Amino acid sequence: MAIATRTRKSPRRERLEAAVNYPIDWLEERSGLIGGIRYFLFRKVPGDTNWFHTLGSATLTAFLVQAVTGVILAMYYKPEPKTAYASIQHITNDVTLGWLVRGMHKWGASVFIILMFFHMARVFLFGAYKYPRELNWIIGVMLLVIGMLEGFTGYLLPWDQTAYWATIVGINLNGTAPFLGPYIAQFLRGGAEIGPDTLARFYSMHMLLIPGAIFALIGLHLYLVVRLGVSSPPWSKEAAGADWVEEQEVSTDGRRAGLTRPVPRNYVRGQRGDSA
Amino acid sequence: MEPEHRDQPHLPGPTVYPIGFAAGVATLLVGLVVSPTVIAPIGGAIAMPAPATAPAVPADVGEAAMPPPAPGERFARSRFLEGATLGLGGVIGGVVTVPVLGMALGPAFGKQGKHRVDLGSIDNFPQGDWEIAHFFLHPDEGEVTRRTAYIRYNGLLSGKPSFTIISNRCAHLGCPVQPNGPSFPDQTKNFGTGGGQEVTLIKMLPAGGFGCPCHGGQYDTEGNRTAGPPVRSLDRYEYAIDNGHLILGKTYSVAHVDGTGSTAVIHRYGLAGPGQHIDGWEQIFYPLQPPH
Ligand code: HEM
Ligand code: FES
Chain A
-18 MAIATRTRKS PRRERLEAAV NYPIDWLEER SGLIGGIRYF LFRKVPGDTN
32 WFHTLGSATL TAFLVQAVTG VILAMYYKPE PKTAYASIQH ITNDVTLGWL
82 VRGMHKWGAS VFIILMFFHM ARVFLFGAYK YPRELNWIIG VMLLVIGMLE
132 GFTGYLLPWD QTAYWATIVG INLNGTAPFL GPYIAQFLRG GAEIGPDTLA
182 RFYSMHMLLI PGAIFALIGL HLYLVVRLGV SSPPWSKEAA GADWVEEQEV
232 STDGRRAGLT RPVPRNYVRG QRGDSA
Chain B
-1 MEPEHRDQPH LPGPTVYPIG FAAGVATLLV GLVVSPTVIA PIGGAIAMPA
49 PATAPAVPAD VGEAAMPPPA PGERFARSRF LEGATLGLGG VIGGVVTVPV
99 LGMALGPAFG KQGKHRVDLG SIDNFPQGDW EIAHFFLHPD EGEVTRRTAY
149 IRYNGLLSGK PSFTIISNRC AHLGCPVQPN GPSFPDQTKN FGTGGGQEVT
199 LIKMLPAGGF GCPCHGGQYD TEGNRTAGPP VRSLDRYEYA IDNGHLILGK
249 TYSVAHVDGT GSTAVIHRYG LAGPGQHIDG WEQIFYPLQP PH
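Here the protein sequences line up with chains A and B, keeping their order. Heads up, the first sequence is in this note's numbering, so the first residue is -18 and it goes up one at a time. Heads up, the second sequence is in this note's numbering, so the first residue is -1 and it goes up one at a time.
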């Protein structure tokens, strides 16, 4: 009877649970948010995923660190040719923990890019870019490109000799693109000559335009990850096309599932009868 | 025809709760500033009482607002509203997008801009000597507009002073090229020429021409490429002599230079960015340049 007594809740515990659940229920009834969180987090993943599957989340974490530290740096940074370098020195030497937050942002930038490449390599080597996940690969490529643009625009901001000349070379490199190159270079410089407008527009792109686009694309990227489900590693016995495809033949909408469609939610592992 | 109402009150009945709540919160916030112990709790008390919530009516009970449309049926009003939303949305979107894009992309089509840099009396330039000249394109914009040119006075050419004025912007990707030879900082001249312009002239001897620190591009003393990745010669400045002063004007690009000094033949083109071909077959890749 130990079980019975354990399932009976004490009045105190019941009151506690009611107190915890009340605000959650209140929110859920009015927003459906809890359901959204469940949809996002409590999904089925293949049993044989491994640590390599965490590289995407690692990239996401790196990006969030950049976003948070960047917002704080923006409270002290002054995007003006006459003040930019001095304000960076001020952040590094005077502001409380400024050296740390700036260091996190500076080194984190490289971590973010490197993790993106690792994640991409994992997706490539696992063949996870194949149907129906090509669109997520395409979104990933966009993220890679604007992620590097984010690095390029951020590199100018310390406004020291390295930043200045690296940006000159980078802009002129864009200028050598066939046909549109000269206009792209002028657009990046904000005119024919590098000057105050160049710094201001790089700052605007670096802290508003590109991060906004990255957030939006990450949203799409994760939506597709949830919608399509995470793919199994290539060596998986559960790999698409294995013997259980037959059993999955009819999914809820009457079309074939398994090979090309995500496995229906009610699919239970071990049902196929070959494991045992 | 008037829709038929069954005499059923809405539940819960209308209430002034939202107004009371707003007033309560306002009182609370003001109270926190003026009197946290008296007014703030009163505000809190006003805001507290929650309205009665009626039990939810199940969806299949009660009357339908409107009979569902037959499959494929569309009302004229719904079609109008759809068109109005799309049309008006498009107009608003356009009205916002055009100026925003114009402002962001405008500089891509902007001109090089006029500048007129007074480098002081031509007596500062002994014949045959080279000077490193530092100056500001726009003195009011400060350090970012500081530029460097390498200047040699070639003597008179049919009665007029002739100068070779080479921009230090590498024709590969724009790094600052350096003289391959000694400079003499002890023979530096600093002077202002009005309008905030500060000129620095440093004597130098670019015996080996010019070299780029970034990727090793090499040029001779006329700015012709001799080695490395640059695709053409170094750019040059237009100049004029005004009241015995050397005045720099626009920069222009140079494919190559034949000969030297005052009699050199400069194959001149409009200003192009570093790395862009202006002659040879590769020029087809750069048919259009922003206006200069
Ligand atoms: C801002 C950068 C990125 C973030 C935050 C991100 C995040 C994620 C996350 C959290 C996942 C879930 C599965 C996993 O972690 O492996 C994922 C999956 C995926 N990512 Fe990314 N990613 C980024 C960039 C990229 C890039 C550059 C590519 C390739 C060009 C890419 C292609 C994919 C594909 C195809 C999947 C589906 C893999 C599967 O279902 O097994 N992503 N991403
Ligand atoms: S920028 Fe001068 S060689 Fe590349």
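Here a beta-carbon is modelled for each residue, glycine too, at the ideal position from N, C-alpha and C. Treat the numbers as computed from the prediction; the structure is a model and nothing was measured.
In the DSSP assignment, find the alpha helix (DSSP H) that holds residue i and state where it starts and stops.
| i | result |
| --- | --- |
| E(-2)/A | -8 to 12 |
| T73/A | 65 to 74 |
| M123/A | 115 to 137 |
| S156/B | No alpha helix (DSSP H) contains S156/B, which DSSP labels as neither H nor E. |
| Y87/B | The sequence shown places Gly at residue 87/B, rather than the Tyr named in the question. Looking at the DSSP string, the run of the alpha helix (DSSP H) that includes G87/B is 74 to 103. |
| T42/A | 36 to 55 |
| D116/B | Careful: D116/B lies outside any alpha helix (DSSP H), inside the beta strand (DSSP E) at 115 to 119. |
| I44/B | 37 to 45 |
| W128/B | Segment 128 to 134 is the beta strand (DSSP E) holding W128/B; no alpha helix (DSSP H) there. |
Residue j and residue i - do their beta-carbons sit closer together than 8 Å?
| i | j | result |
| --- | --- | --- |
| L258/A | L116/A | No answer is possible for residue 258/A: the residues shown for chain A start at -18 and end at 257. |
| L246/B | I163/B | yes |
| L106/A | T40/A | no |
| L269/B | G118/B | no |
| F189/B | I200/B | no |
| S251/B | Y267/B | yes |
| I199/A | L124/A | yes |
| A169/B | E220/B | no |
| A194/A | I120/A | no |
| T224/B | G242/B | no |
| P62/A | V142/B | yes |
| G214/B | Q176/B | no |
| W140/A | L180/A | yes |
| L154/A | L171/B | yes |
| G172/A | G100/B | no |
| H34/A | V211/A | yes |
| L30/B | A45/B | no |
Output the distance between the C-alpha atoms of residue i and residue j, rounded to the nearest integer angstrom.
| i | j | result |
| --- | --- | --- |
| G162/A | S231/B | 20 Å |
| K111/A | V207/A | 16 Å |
| A253/B | M186/A | 35 Å |
| L45/A | A(-1)/A | 34 Å |
| Y58/A | I69/A | 6 Å |
| L155/B | G257/B | 14 Å |
| P272/B | G79/A | 38 Å |
| G84/A | R103/A | 28 Å |
| G156/A | I5/A | 55 Å |
| Q142/A | T148/A | 10 Å |
| G193/B | P137/B | 7 Å |
| E280/B | R170/A | 24 Å |
| I175/A | C212/B | 18 Å |
| V115/B | K87/A | 39 Å |
| A147/B | N122/B | 15 Å |
| A89/A | P69/B | The residue you asked about is not Ala; residue 89/A is Gly in the sequence shown. Whole-angstrom Cα-Cα distance: 56 Å. |
| H275/B | A158/A | 11 Å |
| I120/B | F93/A | 55 Å |
| M188/A | L54/A | 10 Å |
| Q287/B | R77/B | 48 Å |
| G51/A | T64/A | 18 Å |
| A82/B | V98/B | 24 Å |
| P228/B | A48/A | 39 Å |
| G259/B | P177/A | 37 Å |
| A109/A | Y136/A | 33 Å |
Could you spell out the range, first to last residue, of the beta strand (DSSP E) harbouring residue i?
| i | result |
| --- | --- |
| P183/B | 181 to 190 |
| M202/B | 196 to 202 |
| T249/B | 243 to 256 |
| A24/B | Element bounds for A24/B: not the beta strand (DSSP E) but the alpha helix (DSSP H), 15 to 32. |
| Y267/B | 263 to 267 |
Contact defined as beta carbons within less than 8 Å: I believe residue i pairs with residue j. What is the distance between those atoms, to the nearest angstrom?
| i | j | result |
| --- | --- | --- |
| F133/A | G151/A | 6 Å |
| N166/B | S160/B | 20 Å between Cβ atoms; not a contact. |
| D29/A | S213/A | 6 Å |
| I37/B | V28/B | 7 Å |
Open item on the list: At a CB distance below 8 Å, what residues from the segment 273 to 286 of chain B approach chain A? Give them in sequence order.
Closed with: Residues passing the 8 Å Cβ filter: G273, Q274, F283, Y284, P285, L286.
Task: Cβ-based contacts, 9 Å cut-off: residues of the segment 73 to 90 of chain A near chain B - done: Closer than 9 Å at the C-beta level to chain B, one finds no residue of the segment 73 to 90 of chain A.
Open item on the list: By the 7 Å beta-carbon criterion, what residues does the segment 136 to 153 of chain A contribute toward chain B?
Closed with: Residues of the segment 136 to 153 of chain A with a C-beta atom less than 7 Å from some C-beta of chain B are W146, I149, V150, N153, listed in chain order.
- [ ] Determine which residues of the segment 235 to 265 of chain B have a Cβ less than 7 Å from any Cβ of chain A, and write them out in chain order.
- [x] For the segment 235 to 265 of chain B, which is checked against every Cβ of chain A, not one residue is closer than 7 Å.
- [ ] With the ligand FMN as the reference, list in chain order each residue whose Cβ lies under 7 Å from any of its heavy atoms.
- [x] You won't find the ligand FMN in this model; what it holds is the ligand HEM and the ligand FES.
Open item on the list: By the 7 Å beta-carbon criterion, what residues does the segment 162 to 174 of chain B contribute toward chain A?
Closed with: Taking 7 Å as the Cβ-Cβ cut-off against chain A, the residues of the segment 162 to 174 of chain B that qualify are L171, G172, C173.
Task: Proximal residues, the segment 108 to 129 of chain B versus chain A, C-beta separation under 8 Å - done: For the segment 108 to 129 of chain B, the beta-carbon criterion of a distance under 8 Å to any beta-carbon of chain A is satisfied by G108, K109, Q110, G111.
- [ ] Output, in sequence order along the chain, the residues in the segment 139 to 162 of chain B whose CB is closer than 8 Å to any CB in chain A.
- [x] Only those residues of the segment 139 to 162 of chain B whose C-beta falls short of 8 Å from the nearest C-beta of chain A are listed: E139, G140, E141, V142, T143.
TODO: Name, going along the chain, the residues of the segment 192 to 213 of chain B whose beta-carbon falls closer than 8 Å to a beta-carbon of chain A.
DONE: Of all residues in the segment 192 to 213 of chain B, C212 have a Cβ within less than 8 Å of some Cβ in chain A.
Open item on the list: Please identify, using Cβ separations under 7 Å, the residues of the segment 39 to 69 of chain A that lie next to chain B, in order along the chain.
Closed with: Hits within the stretch, in order: P62, K63.
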